[in-house]
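Protein chains: 2
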Amino acid sequence: MLPNSIQKLIDQFNKLPGIGPKTAERLAFWLLKNPQSELEEFADSIAQAKKDLVICSVCQNISYHDPCDICHDSARDKKTICVVAETHDLQAIERTGEFQGTYHILGGVLNPLEGATPDKLNIDSLINRIRNNGIKEVILGLNPDMEGESTALYLLKLLKPLTVKVTKLARGLPTGSDIEYADEVTLGSALNNRREL
Amino acid sequence: MLPNSIQKLIDQFNKLPGIGPKTAERLAFWLLKNPQSELEEFADSIAQAKKDLVICSVCQNISYHDPCDICHDSARDKKTICVVAETHDLQAIERTGEFQGTYHILGGVLNPLEGATPDKLNIDSLINRIRNNGIKEVILGLNPDMEGESTALYLLKLLKPLTVKVTKLARGLPTGSDIEYADEVTLGSALNNRREL
Numbered sequence: 000m001l002p003n004s005i006q007k008l009i010d011q012f013n014k015l016p017g018i019g020p021k022t023a024e025r026l027a028f029w030l031l032k033n034p035q036s037e038l039e040e041f042a043d044s045i046a047q048a049k050k051d052l053v054i055c056s057v058c059q060n061i062s063y064h065d066p067c068d069i070c071h072d073s074a075r076d077k078k079t080i081c082v083v084a085e086t087h088d089l090q091a092i093e094r095t096g097e098f099q100g101t102y103h104i105l106g107g108v109l110n111p112l113e114g115a116t117p118d119k120l121n122i123d124s125l126i127n128r129i130r131n132n133g134i135k136e137v138i139l140g141l142n143p144d145m146e147g148e149s150t151a152l153y154l155l156k157l158l159k160p161l162t163v164k165v166t167k168l169a170r171g172l173p174t175g176s177d178i179e180y181a182d183e184v185t186l187g188s189a190l191n192n193r194r195e196l
Numbered sequence: 000m001l002p003n004s005i006q007k008l009i010d011q012f013n014k015l016p017g018i019g020p021k022t023a024e025r026l027a028f029w030l031l032k033n034p035q036s037e038l039e040e041f042a043d044s045i046a047q048a049k050k051d052l053v054i055c056s057v058c059q060n061i062s063y064h065d066p067c068d069i070c071h072d073s074a075r076d077k078k079t080i081c082v083v084a085e086t087h088d089l090q091a092i093e094r095t096g097e098f099q100g101t102y103h104i105l106g107g108v109l110n111p112l113e114g115a116t117p118d119k120l121n122i123d124s125l126i127n128r129i130r131n132n133g134i135k136e137v138i139l140g141l142n143p144d145m146e147g148e149s150t151a152l153y154l155l156k157l158l159k160p161l162t163v164k165v166t167k168l169a170r171g172l173p174t175g176s177d178i179e180y181a182d183e184v185t186l187g188s189a190l191n192n193r194r195e196l
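Following this line, the structure appears as structure tokens:
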């Protein structure tokens, strides 16, 4: 019933993570209301997104250069590595402006049931980096969930023999939150990790 | 910090309705993991979506032909018009398979505060259609919300002098719902519109 070209567009949106058939339809019809020039701008941004991009051979970040801007920046502390699952985690940490070290992108977290085994992650390159560059501290910047925790434990076991300091991001109450509504685990962590003022 | 081409892609996703900056970032990074051929397929579907499409001069539906497939179909009842706000409402009604008449796409609903005044909607063409084609029934298939209701009232006032039967979609409990959790207005409608068995 729907014209082919619209159905195709809906199908494409439907492939995106978290976009169901109804949302896909809504987005497609919204796009149709835009002038052709804007559709072409959008299309272009998708087709061009990956062009000229390379993976940094040091930290596996996406960049125009190899090494990437962060690994190339002489002001960054090359002896401290923050290990994150994905590039967008790096972006989130960069936005805080609190970290002056470098990163290592794992490319995911361990999830053996979904085929994400250790050999699928950039772990070997992390070990080599630590071995060959006198790294002082590895910060495990993984999500505080099941997969993130088990990946952190797995990495900790591998990193122990390398005599490098391994830390992880602090747990506690998120800023702006309400003690009354905090879950027990978070509130427990906040209590155990309390700081003297 | 983010490569330009990725930022551009995120900005484009962010323009879509209901897609905030975080979701836009997630979608963009997800796309980057796909092979270039799939990105180009997606880009193509956006750039081509509107190509060869025309607006049906009878019902204002989007189609490859004018009149559209529905208005052209001799099996459809041309004397019954279901008035809907947008094409996706037409699609929703078509999916039920319960309607054999034709449609009229208003192109929105009245919302004077946001500039959607009556002259912005396809109301004149609706009046002309009713006047010149001996239309028997106009079904107002507008959303059961503030804007939909006031648009329906506005249309009713215009259609009254045309001596055409005007109906609207029934209100009541949605199938599969729970009386316990139904809101008062819905439950009230269901009670007032009760049917003898």
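So the sequences go chain by chain: A and B. For the first sequence, counting from 1, position 139 maps to 138 in numbering that gives the first Met the number 0; every step adds exactly one. For the second sequence, counting from 1, position 67 maps to 66 in numbering that gives the first Met the number 0; every step adds exactly one. All C-beta atoms, glycine included, are put in the ideal place defined by N, C-alpha and C.
Below-8 Å beta-carbon distance, residue i vs any chain A residue
i              : result
D72 (chain B)  : no
T86 (chain B)  : yes
S98 (chain B)  : Reading off the sequence, residue 98 (chain B) comes out as Phe, not Ser. Chain A contact via Cβ: absent.
Q59 (chain B)  : no
A48 (chain B)  : yes
L38 (chain B)  : yes
A42 (chain B)  : yes
I122 (chain B) : no
L30 (chain B)  : yes
Y153 (chain B) : no
S62 (chain B)  : yes
Test: residue i CB closer than 8 Å to a CB of chain B
i              : result
R25 (chain A)  : yes
K77 (chain A)  : no
K7 (chain A)   : yes
P20 (chain A)  : no
I54 (chain A)  : no
E146 (chain A) : no
E113 (chain A) : no
P16 (chain A)  : yes
S4 (chain A)   : yes
Y180 (chain A) : no
Y102 (chain A) : no
I45 (chain A)  : yes
Burial state of residue i (16 or more Cβ within 10 Å)
i              : result
P2 (chain B)   : buried
K49 (chain B)  : buried
G96 (chain A)  : exposed
R94 (chain A)  : exposed
L112 (chain B) : exposed
V184 (chain A) : exposed
Q11 (chain B)  : buried
G147 (chain B) : buried
G133 (chain A) : exposed
R170 (chain A) : exposed
N154 (chain A) : Residue 154 (chain A) is actually Leu in this sequence, not Asn. Counting Cβ neighbours within 10 Å, L154 (chain A) comes out buried, since at least 16 surround it.
N131 (chain B) : exposed
I178 (chain B) : exposed
Y102 (chain B) : buried
E195 (chain A) : exposed
Per-residue DSSP class, three states only, for residue i
i              : result
L196 (chain B) : coil
V57 (chain B)  : coil
H138 (chain A) : Note that residue 138 (chain A) is Ile in the sequence shown here, rather than His. Three-state result, I138 (chain A): strand.
T174 (chain B) : coil
K14 (chain A)  : helix
I122 (chain A) : coil
P2 (chain A)   : coil
G187 (chain A) : helix
D182 (chain B) : coil
A23 (chain B)  : helix
L52 (chain A)  : coil
K7 (chain A)   : helix
N132 (chain A) : coil
7 Å Cβ cut-off: residues of chain D touching residue i
i             : result
E93 (chain A) : Among the protein chains of the structure shown, namely A and B, there is no chain D.
**Study point:** Whole beta strand (DSSP E) elements within the stretch 144-168 of chain B, 3-residue minimum
**Key:** 164-167
**Study point:** Residue ranges of each beta strand (DSSP E) within the stretch 63-120 of chain A, 3 or longer
**Key:** 76-83, 100-104
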